[in-house]
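One structure below.
In our numbering, the protein residues as written are 111 to 220.
Here it is, written out as structure tokens:
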């Protein structure tokens, strides 16, 4: 099994809506973003950064590993952590089997 590490990332997002031409749901969108950023977590799977957050609209957890273009979604944070780890490893294996270039690790392990 691959190595995994995690850390909470404090994020502050401030926004005000003063423009009278702004869409009527802009404040709700901003609130949704604030909720997503408040839940943002960063981890490392096999040397690749992952990030995950709770989607304010669906309540589901979303995770992605940008280096290998993997995205996972699950009802709980623990499930999405497991899913993004598995998916990241599957993507790396698929790239290797195709003879494609493997992205360099974000964090050298070892």
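By construction, the Cβ of each residue, glycine as well, lies at the ideal position given by its N, Cα and C atoms.
Every value quoted in this text rests on a predicted model; they were computed, and no experiment measured them.
- [ ] Pull up the distance between the alpha-carbon of residue 208 and that of residue 196, whole angstroms please.
- [x] 18 Å
**Asked** What did DSSP end up calling residue 166 once you bin it into helix, strand or coil?
**Response** coil
**OP:** Pull up the distance between the alpha-carbon of residue 215 and that of residue 157, whole angstroms please.
**Re:** 5 Å
Go ahead and pull the three-state DSSP assignment for residue 192. helix
Own chain partners of residue 167 with C-beta closer than 7 Å, once the 5 adjacent residues on each side are dropped:
142
Considering only the beta carbon of each residue, do residue 180 and residue 174 sit closer than 9 Å? yes
Starting from residue 183 and walking both ways along the beta strand (DSSP E), at which residues does that stretch end? 180 to 184
Item to complete: Answer yes or no: does any C-beta atom of chain D fall closer than 9 Å to that of residue 208?
Response: The question asks about chain D, but that chain is absent: this structure has only one protein chain.
With a threshold of 16 other CB atoms inside 10 Å of the CB of residue 212, please say whether the residue is buried or exposed. exposed
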